[in-house]
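**Q** Here it is, the structure in full.
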Amino acid sequence: MFVEYMVVSALLFAIGATGVMIRRNFLIVLMSLELMLNGAGIMLITMSYYLGDVSGQIMFIFVAAIAASETAVGLAIAIMMYKKKRSLDINDFSALRK
Amino acid sequence: MAELIFFVLSLATIVGALGTVISKNAYASALWMITSFIGVSGLFVMLNAPFIAMLQIIVYAGAIAVLILFVMMLMDRRVLEDKERFNPQYLWAIAFGLGLLADITVLAFKFRINLSHIGENLTLNGSNTKMVGDILFKRYLFPFELIAIVLLVALVGAIVLTKKDKKEVE
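Residue numbers (the working numbering), protein chains in the order written: chain A, 1 to 98; chain B, 1 to 170.
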């Protein structure tokens, strides 16, 4: 079963990475980032089970905390850009560079 | 039986992820994302991590998904349904994603680990939560405190980014 779990994790990570690259809506890009973090999380928990070490589960707790703070800041940026530009298109976000 | 449950859960996970990336409407995307998270949580239960499974439902399907849905509620509906879903360079992105998938899959098949400890050391007095708490507050106490600071910084950053400028208030 080890390989199957790893393949599910790889699929989730790859789908999330593709979503980050192809979508234009900023909120969906954020959701795809969450999918990538979840893919990494499945790999951590799988390793924790097959190696008989609970540290992987602790790592997942840290990943969840980082994911929550990343979402909070990302949504704050989304609200700011919506107020300024009335748009969530990723290509309008290049204004952040200036 | 375990294989059947695994198949159903991973199907929910993968279909949810595909739905998130493909669907036109951002609301539908968020609901597919919740499907995917619940599937992942079921996989965690199968891997003898019930505490982490509950954490997954509370933090991801609860807090993060509801946060995203609340932000969508504040925005115009027309902004959330985009006419052009994909970037013009989407073929390159799909090729990159498939390459990543092939890469990690080959690694998963080639990876050899010592399987003599499967499912051991995951419980303390028959409870997974006790074991997680024991390790978290003994061996990983310093990273735990650092995570608290990261969360505080994110909180302050989100407030500073969304607060009104003085000019707007006047």
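Note that beta-carbon positions come from the ideal geometry of N, C-alpha and C, so glycine has one too.
Consult DSSP for D53(A) and reduce its assignment to one of helix, strand or coil.
**A** coil
**Q** Would a check of beta-carbon distances place L4(B) closer than 7 Å to chain A?
**A** So no, L4(B) is outside the interface.
**Q** For chain A, check one thing: does any of its Cβ atoms lie closer than 7 Å to the Cβ of I149(B)?
**A** no
**Q** Under three-state DSSP, which class holds N25(B)?
**A** strand
**Q** Which residues mark the beginning and the end of the alpha helix (DSSP H) in which A63(B) is found?
**A** Per DSSP, A63(B) lies in no alpha helix (DSSP H) and is assigned neither H nor E.
**Q** Rounded to whole angstroms, what is the Cα-Cα separation between A64(A) and Q57(A)?
**A** 11 Å
**Q** By the DSSP assignment, the alpha helix (DSSP H) with S9(A) in it spans what residues?
**A** Note, S9(A): alpha helix (DSSP H), F2 to I22.
**Q** Can you find a C-beta in chain A that's less than 7 Å from the C-beta of V59(B)?
**A** yes
**Q** Against chain A, does V21(B) count as a neighbour if the rule is that its beta carbon must be under 7 Å from one of theirs?
**A** At a cut-off of 7 Å between C-beta atoms, V21(B) counts as an interface residue with respect to chain A.
**Q** For R77(B), report the span of its alpha helix (DSSP H) as first-last.
**A** R77 to L80
**Q** Assign N91(A) to one of three DSSP states: helix, strand, or coil.
**A** helix
**Q** Report back the beta-carbon spacing between A49(B) and N125(B) to the nearest angstrom; my notes put them in contact at under 8 Å.
**A** With 8 Å as the limit, A49(B) and N125(B) do not qualify as a contact, their Cβ atoms being about 17 Å apart.
**Q** Put N121(B) into one of helix, strand or coil per three-state DSSP.
**A** coil
**Q** Any residues in the segment 80-94 of chain A with a beta carbon nearer than 9 Å to a beta carbon of chain B? Which ones, in chain order?
**A** M80, Y82, K83, R86, S87, L88, D89, I90 and N91
**Q** Apart from the five residues on each side of it in sequence, which residues of its chain come closer than 8 Å, Cβ to Cβ, to E34(A)?
**A** Counting only Cβ-Cβ distances below 8 Å, and skipping sequence neighbours, we find G16, A67 and T71.
**Q** Compare the C-alpha of D165(B) against each of D92(A), Y50(A), K84(A) and L88(A) and name the closest.
**A** K84(A)
**Q** Taking the Cβ atom as the reference point for each residue, do I58(B) and S41(B) lie within a distance shorter than 7 Å?
**A** Not closer than 7 Å, so no.
**Q** Classify I5(B) as buried or exposed, calling it buried when 16 or more other Cβ atoms lie within 10 Å of its own Cβ.
**A** exposed
**Q** Locate the alpha helix (DSSP H) running through F96(B), then write down its first and last residues.
**A** For F96(B), the uninterrupted alpha helix (DSSP H) segment begins and ends at Y90 to K110.
**Q** Between the C-alpha atoms of L161(B) and L91(B), what's the straight-line distance to the nearest angstrom?
**A** 34 Å
**Q** Under three-state DSSP, which class holds N128(B)?
**A** The answer is helix: DSSP assigns N128(B) an H, G or I state.
**Q** So which residues on chain B does V73(A) lean against when the C-beta distance must stay under 8 Å?
**A** A154, G157, A158 and L161
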